[in-house]
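Asks: Residue numbers (full-length UniProt numbering): 1 to 365. Positions of the beta carbon are idealized from the N, C-alpha and C atoms, including for glycine. Quick caveat, the model's predicted, so the values are computed rather than measured.
Printed below as a string of structure tokens:
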């Protein structure tokens, strides 16, 4: 049947799917593009499978309708032939029956006439009566023989009619059987083609699922790698931000240290000034004898004691500040420590004996 040309779509479905996979294989770098391409191939595969099944079913339905028409035509020919056979056989049988009845009537008529003739010849001689009986018997035998021959010929003809009619019916039934066999053959081909299409579709679904999982795993791996690169970049950026922040905090802390250190130095200047005044009084120029007026240097000594106390307090606060902060530049710390030692050394070298034991209160600072 013409529908069998649609069987060619079965390998085409497979070839189109394989061509789609080859295109995907050429996409090597981007799993997302592969997944999108695979979705497209999957949709096209489903569409082609449905289209192929639709064409097969439409062709099979057309073929089935054609076979039904052929079978119906064969059944109609068989029916007509049987009716024709019955009509001819019945007509011939009826003719034989009528001939049989006519023969019986003629035989009865002859016998009746012969009986009357025999009655009429009662007065005649025996020879005459025997002759008449013999003539009658010969006529009867002749008619019987003719009737038997006609009947035999009619029965032979009837048998021939029946055989010819049955032969025509047999031929029509054989044609019908041939149609049924052809119909079953094409139905089996349709079933096999449908099974093959279904199996191809299932194989394609499994292949798509397999590749989809592979591409998703590849995509997850790629995203992990990208995320690792991004995290590393963010860590580097955060490290730079941290370093910049630490630099800013260190600079700010250094400024605070310098400010606090400057507070300490402010207590050194009064000491230096007072010591210079004491030196000028105690060590006059030109080797003159010093003239010290009682109480003249008291203010200077008080200033020295006050500055010293303030210096000690500021120094303790400064050291405590250094202990509490971990942002101090080591070079600045060392410089400040050396300076403090120098101040302490200078102070100790210039220290003089005081005449009184009065103490300056802490709040003098």
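At the level of alpha carbons, what is the spacing between residue 392 and residue 98?
Replies: Coverage of the chain is limited to positions 1 through 365, which leaves residue 392 absent and any answer about it impossible.
Asks: Quick one: Cα of residue 210 to Cα of residue 225, how far?
Replies: Cα-Cα distance, rounded: 23 Å.
Asks: If you draw a straight line from the C-alpha of residue 340 to the C-alpha of residue 281, how long is it?
Replies: If I take the Cα positions, the gap works out to 28 Å.
Asks: Does DSSP classify residue 266 as helix, strand or coil?
Replies: If DSSP states are grouped into helix, strand and coil, residue 266 belongs with the helices.
Asks: Take residue 157 and list the residues in its own chain whose beta-carbon comes closer than 8 Å to its own, dropping the five residues that flank it on each side.
Replies: So the list reads 92, once near-sequence residues are dropped.
Asks: Thinking just about the alpha-carbon of each residue, which of 308, 185, 176 and 284 is nearest to the one in residue 75?
Replies: Per the Cα distances, 176.
Asks: Pick helix, strand or coil for residue 214, following the three-state DSSP scheme.
Replies: Of the three classes helix, strand and coil, the one that applies to residue 214 here is helix, per DSSP.
Asks: What does the alpha-carbon distance come out to for the pair residue 101 and residue 169?
Replies: Distance between the alpha carbons of residue 101 and residue 169: 32 Å.
Asks: Could you give the distance in angstroms between the alpha-carbon of residue 167 and the alpha-carbon of residue 182?
Replies: Cα-Cα distance, rounded: 22 Å.
Asks: Check whether the segment 66 to 86 touches the segment 236 to 249, counting contact only when three or more Cβ pairs, one atom from each stretch, lie closer than 8 Å.
Replies: As far as the Cβ criterion goes, the segment 66 to 86 does not touch the segment 236 to 249, which means the pair count is below three.
Asks: One question on the structure: do residue 162 and residue 105 come within less than 7 Å of each other, judged by their Cβ atoms?
Replies: Not in contact: residue 162 and residue 105 (Cβ atoms no closer than 7 Å).
Asks: Just reading off the alpha helix (DSSP H) that residue 322 is part of, what are its end residues?
Replies: Run containing residue 322: 298 to 324, per the alpha helix (DSSP H) assignment.
Asks: Could you tell me if residue 306 is buried or exposed, where buried requires 16 or more neighbouring beta carbons within 10 angstroms of its beta carbon?
Replies: That one is buried.
Asks: Please state whether DSSP places residue 122 in a helix, a strand or coil.
Replies: The answer is coil: DSSP assigns residue 122 none of H, G, I, E or B.
Asks: So what does DSSP say about residue 293, is it helix, strand or coil?
Replies: Looking at residue 293 - three-state DSSP - the assignment turns out to be coil, as it is neither helix nor strand.
Asks: Is the CB-CB distance between residue 42 and residue 186 below 7 Å?
Replies: Going by C-beta atoms, residue 42 is not nearer than 7 Å to residue 186.
Asks: Taking its Cβ as the centre, do 16 or more other Cβ atoms sit within 10 Å of residue 271, making it buried, or is it exposed?
Replies: Buried: at least 16 other Cβ atoms inside 10 Å.
Asks: By alpha-carbon positions, which one of 121, 111 and 235 ends up nearest to residue 137?
Replies: Taking only the C-alpha atoms, the option nearest residue 137 is 111.
Asks: How about the segment 291 to 299 and the segment 261 to 268: do they share at least three Cβ pairs that are nearer than 8 Å?
Replies: Segments in contact, no.
Asks: What does the Cβ neighbour count give for residue 45, buried or exposed, with the cut at 16 atoms within 10 Å?
Replies: Buried, because 16 or more other Cβ atoms sit within 10 Å of the Cβ of residue 45.
Asks: Please determine, among 35, 53 and 37, the residue with the shortest C-alpha to C-alpha distance to residue 191.
Replies: For residue 191, the nearest C-alpha among the options comes from 53.
Asks: Indicate the three-state DSSP secondary structure (helix, strand or coil) for residue 345 in the structure shown.
Replies: Helix.
Asks: Taking all protein chains shown into account, do 16 or more other C-beta atoms lie within 10 angstroms of the C-beta of residue 358, making it buried, or fewer, making it exposed?
Replies: Low confidence applies here, because residue 358 scores a pLDDT of 35, under 50, leaving its location unreliable; read the following figure in that light. It counts as exposed.
Asks: Are the segment 131 to 146 and the segment 31 to 39 touching, with three or more C-beta to C-beta distances below 8 Å?
Replies: Flag = no, the segment 131 to 146 and the segment 31 to 39 do not touch.
Asks: Anyone know if the C-beta pair for residue 274 and residue 300 falls short of 7 Å?
Replies: In contact: residue 274 and residue 300 (Cβ atoms closer than 7 Å).
Asks: With DSSP as the reference, label residue 284 as helix, strand or coil.
Replies: Of the three classes helix, strand and coil, the one that applies to residue 284 here is coil, per DSSP.
Asks: Suppose you measure from the CA of residue 189 to the CA of residue 180; what does that come to, to the nearest Å?
Replies: Rounded to the nearest angstrom, the two C-alpha atoms are 14 Å apart.
Asks: Quick check: what's the CA-CA separation for residue 96 versus residue 77?
Replies: Rounded to the nearest angstrom, the two C-alpha atoms are 28 Å apart.
Asks: Would you mind working out which of 332, 60 and 40 sits nearest residue 194, comparing C-alpha positions?
Replies: Considering only alpha carbons, the answer is 60.
Asks: Where does residue 335 fall in DSSP's three states?
Replies: Looking at residue 335 - three-state DSSP - the assignment turns out to be helix.
Asks: May I have the straight-line CA-CA distance separating residue 133 from residue 120, to the nearest angstrom?
Replies: Rounded to whole angstroms, residue 133 to residue 120 spans 13 Å at the Cα level.
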